[in-house]
Amino acid sequence: KTYTLTIKSNLHQEQLDFENSDAFREKSRMRYRIEQKNSELKNRYGLKKSMSNGLFGMTIQSASTVFIANMRKIIREIEKKGA
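Here it is in structure tokens:
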């Protein structure tokens with residue numbers, strides 16, 4: 490017969506306690522929505538691959554991509570109210 494005992498460090502125990510808390514559950518619910526938006530930006534709007542070199546170019550590309558996504562959302566809401 491064998492007996493296994495898992496020894497967890499304080500850091501692991503703190504992480505387990507955090508994962509069992511209500512704050513973690515709330516953050517994980519919010520993360521789903523954020524990941525959904527990231528997926529939309531990557532797959533529908535071309536944010537998957539950088540079109541230019543450097544951090545500045547990527548910053549401009551991501552800002553314009555988010556702007557376009559928000560404008561489309563606003564237009565859809567306006568059309569929904571008008572119809």
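Going by my numbering, the residue at position 79 of the sequence shown is 568; the numbering climbs one at a time, nothing skipped.
Note that the Cβ used here is the ideal one computed from N, Cα and C, for glycine as well.
Looking at residue i: is its Cβ nearer than 8 Å to the Cβ of residue j?
i	j	result
Ala552	Tyr534	no
Thr548	Leu530	no
Quick one: is residue i buried, meaning 16 or more other Cβ sit within 10 Å of its Cβ, or exposed?
i	result
Leu536	buried
Check the C-beta distance from residue i over to residue j and give it rounded, since I have them as a contact under 8 Å.
i	j	result
Gln550	Met540	6 Å
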